[in-house]
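*Asks:*
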Amino acid sequence: MAEQGEEDREYPEYRRLEDCEQDSPPGEEEEEQLLLHVTEGPTDSWHHIKDLDSFFTKIYHFHQRNGFACVVLSDILELVQFLFVVTFSTFLLCCVDYDVLFATRPLNHSHVPEHTKVTLPDAVLPAPQCARRLRGSGWLLFLLVLAGAVWLCRLVTALRRLVGYWEIRSFYIRALGIPAEELCNHSWQSVQARLLALQRRQPLCVPRRELTELDIHHRILRFRNYTVAMVNKSLLPVRFRLPLLGPVVFLTRGLQFNLELLLFRGPAALFQNTWSLRPQVKRAGSRRALARGLARAAVLLGVANLALCPCVLGWRLLLAFFSYAEGLKRAPGSLGARRWSLYARHYLRHFNELGHELQARLGRGHAPATKYMDSFSSPLLAVLARHVGFFAGSVLAVLIVLTVYDEDVLTVQHILTAITLLGLVVTVARSFIPDEHSVWCPEQLLQRVLAHVHYLPEHWQGRAGRAETRAEMAQLFQYKAVFILEELLSPLVTPLILIFAFPPRALEIVDFFRNFTVEVAGVGDICSFAQLDVRHHGNPQWLSEGHTEAPPERQAEHGKTELSLMRFALSNPRWRPPPPARRFLGHLQAQVTRDAATAPPPRHLLAEGPLAASLLSEDSALAPEGLVASVLAASGLVARDPRFGQPCSTASATASLLASLRNPLGTPPCGAPESPGEHQCPEDRPALSESRLRSLSRSALLAEVASAEMSLHAIYLHQVCHLQFPCSPCPQHPQDTGPLGSPGVPMSTRVSLSGCSASPPGSPAWPWSLVPRPLSPAPFQAALRSLPPWVTPTHRSRPRPDGDLGMRHRSWCHPCSPFCHPFGSWGVSWAEGPLPRCPMGGSECQYGGALLCWGALAAMGGL
6 MAEQGEEDRE YPEYRRLEDC EQDSPPGEEE EEQLLLHVTE GPTDSWHHIK DLDSFFTKIY
66 HFHQRNGFAC VVLSDILELV QFLFVVTFST FLLCCVDYDV LFATRPLNHS HVPEHTKVTL
126 PDAVLPAPQC ARRLRGSGWL LFLLVLAGAV WLCRLVTALR RLVGYWEIRS FYIRALGIPA
186 EELCNHSWQS VQARLLALQR RQPLCVPRRE LTELDIHHRI LRFRNYTVAM VNKSLLPVRF
246 RLPLLGPVVF LTRGLQFNLE LLLFRGPAAL FQNTWSLRPQ VKRAGSRRAL ARGLARAAVL
306 LGVANLALCP CVLGWRLLLA FFSYAEGLKR APGSLGARRW SLYARHYLRH FNELGHELQA
366 RLGRGHAPAT KYMDSFSSPL LAVLARHVGF FAGSVLAVLI VLTVYDEDVL TVQHILTAIT
426 LLGLVVTVAR SFIPDEHSVW CPEQLLQRVL AHVHYLPEHW QGRAGRAETR AEMAQLFQYK
486 AVFILEELLS PLVTPLILIF AFPPRALEIV DFFRNFTVEV AGVGDICSFA QLDVRHHGNP
546 QWLSEGHTEA PPERQAEHGK TELSLMRFAL SNPRWRPPPP ARRFLGHLQA QVTRDAATAP
606 PPRHLLAEGP LAASLLSEDS ALAPEGLVAS VLAASGLVAR DPRFGQPCST ASATASLLAS
666 LRNPLGTPPC GAPESPGEHQ CPEDRPALSE SRLRSLSRSA LLAEVASAEM SLHAIYLHQV
726 CHLQFPCSPC PQHPQDTGPL GSPGVPMSTR VSLSGCSASP PGSPAWPWSL VPRPLSPAPF
786 QAALRSLPPW VTPTHRSRPR PDGDLGMRHR SWCHPCSPFC HPFGSWGVSW AEGPLPRCPM
846 GGSECQYGGA LLCWGALAAM GGL
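Residue numbers (our numbering): 6 to 868.
Below, the structure written as structure tokens:
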């Protein structure tokens with residue numbers, strides 16, 4: 006609990022935010038309950054809907070679950086699955102004679118034939134004997150009664166849900182004009198557009214004359230936005246530091262359900278209904294009493310979880326066994342696959358981002374994230390895994406050959422167990438052996454991940470190759486085996502978190518709901534971050550300087566307000582942002598235009614090099630991945646021909662491609678729904694080829710263009726933020742001197758984006774921006790031009806007293822490596838003479854081989 010000294014602290018009162026469009030007439034009192042009313046027409050039956058949040062949520066889920074038939078079938082099969090797990094488990098416990106099944110005793114005690122074949126019916130006990138076993142186990146009867154009660158509750162819930170979805174089905178057909186058989190042909194954007202058009206044609210919502218996209222998202226994601234904001238502000242007790250394991254993140258579905266029950270839906274929740282906070286939460290004087298009540302409710306909920314822990318744990322074990330045992334036998338490596346953790350789905354989620362949008366974005370980032378995590382390997386574990394895999398594989402090969410030669414080998418006791426375990430050992434061992442053909446480029450891979458997930462900690466910039474970065478990434482992108490283990494441990498850990506970790510946070514959580522809640526006319530109480538208000542929650546580091554009045558404690562972390570605003574404007578091009586958001590988007594567009602002027606044309610970026618060409622082919626990459634590949638491939642280019650007058654940074658290359666999209670933020674792109682003929686696609690759009698444009702529907706085209714543009718905006722804004730607060734560069738030689746290496750120059754010095762020095766430390770183009778071109782010898786400069794984009798030399802050049810140009814204290818910083826290889830102090834001619842010896846242990850062979858490799862790559866056309 007917070008200290009007593011906090012009593013004197015003043016907290017801002019809960020505030021009411023009027024609708025920016027003045028939809029509610031002045032002096033008109035709001036009704037206590039929001040109504041859905043239709044005067045005339047085919048939608049007469051949809052009126053007096055008290056819970057608009059539930060109504061819009063059902064509309065969304067009805068679309069995402071593909072209609073009424075799929076909803077009914079899914080709910081029925083879930084109930085059947087529950088019955089199957091309970092009855093099958095009971096059958097295995099009470100109705101199977103395992104002595105006969107394992108052949109530990111004969112079937113007929115009076116006569117034992119020489120050859121007895123045991124069948125499955127022989128191992129099943131008669132019904133009377135099975136019933137006697139069941140009646141003789143009191144704890145099993147109690148569990149069956151409890152399971153029956155749970156099943157009846159689920160049945161009632163499913164029936165009520167089906168009745169509601171039947172009404173939604175009628176609403177789709179009669180009000181929105183979407184028949185059941187055509188629902189799969191309509192995207193959510195199309196459904197949302199029809200819903201907005203219906204509101205304009207004959208008003209549905211009494212408090213508002215016009216419904217906007219943001220209103221619909223506020224109602225569907227009201228509670229989810231609060232959860233995302235609390236994760237962003239690190240309020241939820243999900244991060245811990247354990248003695249042996251270090252920093253650990255623990256957020257499971259069971260813990261999430263309990264937190265939502267505690268904060269939003271339970272009897273002691275802070276919300277009195279789905280759209281309004283309790284009046285006590287809005288008063289600062291009630292904060293301590295409310296916090297004590299919330300902490301007490303958390304303890305009681307934790308005790309209840311602790312009492313039900315054996316039942317829940319047993320159920321989780323049964324589900325895990327029935328769900329994953331067969332897959333583990335068939336494909337042991339499936340548990341080594343990675344997935345985004347539940348914590349990552351909150352940490353990486355934008356405000357007002359629907360579930361299917363988040364899933365699509367994380368799905369696009371799955372492949373580069375997997376490549377990034379797989380690029381790390383432990384040499385010690387690799388050596389050990391090779392030999393363990395050899396030993397286990399040798400024994401497994403012998404057993405397989407014997408089984409093929411004579412199938413009676415399978416009758417040997419535990420032979421199948423040995424084959425299964427040996428196969429599992431071989432699969433696990435191979436996962437620790439790195440691919441000998443892979444190239445270690447963690448910086449580029451992490452940039453690709455950033456392009457899709459949009460959020461990564463800033464201290465990862467330039468440190469993608471460190472083990473600490475990989476460990477933190479593993480908290481977001483975890484093994485499937487870790488996910489299963491966390492879900493199995495959830496019944497044990499969740500009560501402890503509720504009892505011990507949540508109560509100390511209760512006062513902060515109550516203050517959060519009061520300080521970051523606004524009441525919007527016609528919508529209700531929403532999280533203020535969900536308003537996408539840059540003025541009140543913007544961060545000056547993310548290009549919102551001059552557009553925000555927010556103190557540090559009210560700013561969203563990691564640029565979530567700015568990135569969420571951009572994503573929502575791109576995904577909903579017909580949404581009209583409020584004036585502060587519109588000014589910020591205009592400022593961002595102007596900044597992109599200025600930086601794009603210093604970069605090569607987009608057609609040159611997209612066509613430069615075989616790597617970009619291969620990644621941009623229609624068979625190899627989608628538009629977002631191709632654009633990101635072009636940015637990374639072009640970020641290190643220097644002037645190889647007259648097209649490139651200056652080196653190209655990541656920020657300027659990104660700005661060039663963004664400017665080429667030609668659609669300002671907040672305006673409909675080509676192919677937007679219900680805008681045929683209004684906007685024509687430019688013929689020279691670099692992101693999408695002509696054949697791809699013809700093959701995509703309007704909704705798919707909108708989604709692909711928005712995804713590509715948002716990926717570029719994410720990279721661009723991270724580069725801008727890192728320029729203002731850059732991380733320290735790679736460590737140089739201890740004797741390094743010079744203007745950029747001297748300790749008197751702070752690395753936080755702000756750098757303009759308009760020049761070639763726009764790349765921050767750690768980015769693929771950063772060291773190029775530090776090359777003083779007038780002081781570089783001509784032969785060395787020619788060699789630099791021939792290097793591939795991923796080679797980034799950094800050096801300190803100083804004029805020698807005799808007027809000659811000497812290269813002093815220079816180091817080659819490979820962005821794909823965590824190490825720097827300093828050349829040391831020397832001054833020799835590049836045209837002739839020996840290669841320099843590294844004073845820190847390097848050899849001429851090492852650096853000579855590197856230069857030969859670079860020359861060969863340049864001769865082949867680069868990467």
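In this text, a Cβ means the ideal position worked out from N, Cα and C, and glycines have one as well.
Taking just the CA atoms, how far does K485 sit from R343?
*Replies:* Here residue 343 corresponds to residue number 338 of the sequence shown, with the count starting at 1. Here residue 485 corresponds to residue number 480 of the sequence shown, with the count starting at 1. Near 5 Å, if we compare the C-alpha coordinates of K485 and R343.
*Asks:* Spatial neighbours of D102 within its chain, please: CB distance less than 6 Å, with the 5 preceding and 5 following residues excluded, ordered by chain position.
*Replies:* The residue labelled residue 102 in the question sits at position 97 within the sequence shown. Excluding sequence neighbours, D102 sits near A128 and L130.
*Asks:* Where DSSP assigns a beta bridge to E473, which residues make up the other side?
*Replies:* Reading the sequence shown from its first residue, position 468 is the one you call residue 473. For E473, which the question treats as bridged, DSSP gives no partner whatsoever.
*Asks:* Is S239 buried or exposed, if buried means 16 or more other CB atoms sit within 10 Å of its CB?
*Replies:* Taking the first residue of the sequence shown as position 1, residue 239 is located at position 234. Counting the other Cβ atoms within 10 Å of the Cβ of S239 gives fewer than 16, which makes it exposed.
*Asks:* What residues in its chain sit with their C-beta under 7 Å from that of L421, if we drop five residues either side in the sequence?
*Replies:* Taking the first residue of the sequence shown as 1, we reach residue 421 at position 416. Hits under 7 Å: L415.
*Asks:* In whole angstroms, what is the alpha-carbon distance linking F60 and A456?
*Replies:* Working through the sequence shown from its first residue, we reach residue 60 at position 55. Working through the sequence shown from its first residue, we reach residue 456 at position 451. Those two C-alpha atoms are separated by around 34 Å.
*Asks:* Just the C-alpha distance for C761 and L299, rounded to the nearest angstrom, thanks.
*Replies:* Here the question's residue 761 lines up with position 756 in the sequence shown. Here the question's residue 299 lines up with position 294 in the sequence shown. Residue placement at C761 is flagged as unreliable, the pLDDT there being 34, under the threshold of 50; the coordinate-derived value follows with that caveat. Cα to Cα, the separation comes out at about 55 Å.
*Asks:* For C314, which residues in the same chain have their Cβ closer than 7 Å to its Cβ, ignoring the five residues on either side in sequence?
*Replies:* Here residue 314 refers to the residue found at position 309 when the sequence shown is read from its first residue. Hits under 7 Å: P496, L497 and P500.
*Asks:* Measuring straight from C-alpha to C-alpha, what distance separates E358 and S175?
*Replies:* Numbered from 1 along the sequence shown, position 353 holds the residue referred to as residue 358. Numbered from 1 along the sequence shown, position 170 holds the residue referred to as residue 175. Their backbone Cα atoms lie some 27 Å apart in a straight line.
*Asks:* Between which two residues does the alpha helix (DSSP H) carrying C1 extend?
*Replies:* In the structure as shown, the chain begins at 6 and stops at 868. Residue 1 is therefore absent and cannot be evaluated.
*Asks:* Nearest CA to the CA of P337: which residue from R270, L305, R350 and L426?
*Replies:* Within the sequence shown, residue 337 is the residue found at index 332, counting from 1. Among R270, L305, R350 and L426, the Cα nearest to that of P337 is on L426.
*Asks:* Tell me whether H464 is buried or exposed, calling it buried when 16 or more other Cβ atoms sit within 10 Å of its Cβ.
*Replies:* In the sequence shown, the residue the question calls residue 464 occupies position 459. So H464 ends up on the exposed side.
*Asks:* Can you tell me the Cα-Cα spacing of L493 and L323, whole angstroms?
*Replies:* In the sequence shown, counting from the first residue as 1, residue 493 sits at position 488. In the sequence shown, counting from the first residue as 1, residue 323 sits at position 318. Their Cα atoms are separated by approximately 10 Å.
*Asks:* Look at the Cβ atom of D80, then the Cβ atom of G529, and state whether they are nearer than 9 Å.
*Replies:* Residue 80 sits at position 75 when you count from the first residue of the sequence shown. Residue 529 sits at position 524 when you count from the first residue of the sequence shown. Not a contact, by the Cβ cut-off of 9 Å.
*Asks:* Within 10 angstroms of the Cβ of A185, are there 16 or more other Cβ atoms? Answer buried if so, exposed if not.
*Replies:* Position 180 of the sequence shown, counted from the first residue, corresponds to residue 185. Flag for A185 reads exposed.
*Asks:* Let me know the secondary structure DSSP gives D102 once reduced to three states.
*Replies:* In the sequence shown, counting from the first residue as 1, residue 102 sits at position 97. Coil.
*Asks:* Using 9 Å as the threshold, is the C-beta distance between F573 and Y231 below it?
*Replies:* Residue mapping note: residue 573 aligns to position 568 of the sequence shown, counting from 1. Residue mapping note: residue 231 aligns to position 226 of the sequence shown, counting from 1. Taking 9 Å as the Cβ cut-off, F573 and Y231 do not qualify as a contacting pair.
*Asks:* Exposed or buried, what is C158 when buried is set at 16 or more other beta-carbons lying within 10 Å of its beta-carbon?
*Replies:* For this step, residue 158 is matched to residue 153 along the sequence shown. Result: exposed.
*Asks:* Can you tell me which of the three DSSP states R282 falls into?
*Replies:* Position 277 of the sequence shown, counted from the start, is the residue given in the question as residue 282. Here residue 282 is Leu; the residue named in the question, Arg, does not match the sequence. Reduced to three states, the DSSP call for L282 is strand.
*Asks:* For the putative contact between L295 and L264, defined by C-beta atoms under 8 Å, what is the C-beta separation to the nearest angstrom?
*Replies:* The count along the sequence shown starts at 1 and reaches residue 295 at position 290. The count along the sequence shown starts at 1 and reaches residue 264 at position 259. The pair is not a contact, with the Cβ atoms about 17 Å apart (cut-off 8 Å).
*Asks:* Taking Cβ to Cβ, would you say G341 is nearer than 9 Å to S443?
*Replies:* In the sequence shown, residue 341 corresponds to position 336, counting from 1. In the sequence shown, residue 443 corresponds to position 438, counting from 1. Going by C-beta atoms, G341 is not nearer than 9 Å to S443.
*Asks:* First and last residue of the beta strand (DSSP E) that includes E524?
*Replies:* The residue labelled residue 524 in the question sits at position 519 within the sequence shown. T522 to V525 is the extent of the beta strand (DSSP E) around E524.
*Asks:* Can you give me the start and stop residues for the beta strand (DSSP E) that P252 sits inside?
*Replies:* As a position in the sequence shown, residue 252 is number 247, starting the count at 1. Segment G251 to V254, the beta strand (DSSP E) holding P252.
*Asks:* Do L503 and L267 have their CB atoms nearer than 9 Å?
*Replies:* In the sequence shown, counting from the first residue as 1, residue 503 sits at position 498. In the sequence shown, counting from the first residue as 1, residue 267 sits at position 262. Yes, Cβ-Cβ distance for L503 and L267 is below 9 Å.
*Asks:* Alpha carbon to alpha carbon, how far is E558 from L570?
*Replies:* The sequence position of residue 558 within the sequence shown is 553, counting from 1. The sequence position of residue 570 within the sequence shown is 565, counting from 1. If I take the Cα positions, the gap works out to 19 Å.
*Asks:* Just reading off the beta strand (DSSP E) that W345 is part of, what are its end residues?
*Replies:* In the sequence shown, the residue the question calls residue 345 occupies position 340. Taken as a continuous stretch (DSSP letters only), the beta strand (DSSP E) holding W345 covers R343 to W345.
*Asks:* Return the residue from the list V597, R244, V161 and F96 that minimises the CA-CA distance to L84.
*Replies:* Here residue 84 is taken as the residue at index 79 of the sequence shown, counted from 1. Out of V597, R244, V161 and F96, V161 has the C-alpha closest to the C-alpha of L84.
*Asks:* Give the range of the beta strand (DSSP E) segment to which Q483 is assigned.
*Replies:* To locate residue 483, count along the sequence shown from 1; it is residue 478. From DSSP, the beta strand (DSSP E) with Q483 extends over F482 to Y484.
*Asks:* Roughly how many angstroms separate the alpha carbons of K890 and G368, rounded to a whole number?
*Replies:* Within the shown structure, residues of the chain are numbered from 6 to 868, placing residue 890 beyond reach of any answer.
*Asks:* Report the rounded CA-to-CA distance for L282 versus T522, giving the unit in angstroms.
*Replies:* Here residue 282 refers to the residue found at position 277 when the sequence shown is read from its first residue. Here residue 522 refers to the residue found at position 517 when the sequence shown is read from its first residue. Cα to Cα, the separation comes out at about 9 Å.
*Asks:* May I ask you to list the residues that DSSP assigns as paired with F381?
*Replies:* Numbered from its first residue, the sequence shown carries residue 381 at position 376. None; F381 has no bridge partner.
*Asks:* Quick check: what's the CA-CA separation for I531 versus L98?
*Replies:* Position 526 of the sequence shown, counted from the start, is the residue given in the question as residue 531. Position 93 of the sequence shown, counted from the start, is the residue given in the question as residue 98. Taking the straight line from one Cα to the other gives about 51 Å.
*Asks:* Where are the alpha helix (DSSP H) runs, 4 residues long or more, that stay fully inside the segment 151-202, in chain order?
*Replies:* none
*Asks:* Kindly list the residues whose CB is nearer than 6 Å to the CB of R199, restricted to its own chain and excluding five residues on each side of it in sequence; keep chain order.
*Replies:* Taking the first residue of the sequence shown as 1, we reach residue 199 at position 194. Only L181 meet the Cβ criterion.
*Asks:* For a test of the three-state rule: what should DSSP assign to V403, helix, strand or coil?
*Replies:* Walking along the sequence shown from the start, residue 403 turns up at place 398. DSSP places V403 in helix when its eight states are reduced to three.
*Asks:* What does a CB cutoff of less than 7 Å around R206 pick up in its chain, not counting 5 residues either side in sequence?
*Replies:* For this step, residue 206 is matched to residue 201 along the sequence shown. The beta carbon of R206 is closer than 7 Å to none in its chain, skipping five residues each way along the sequence.
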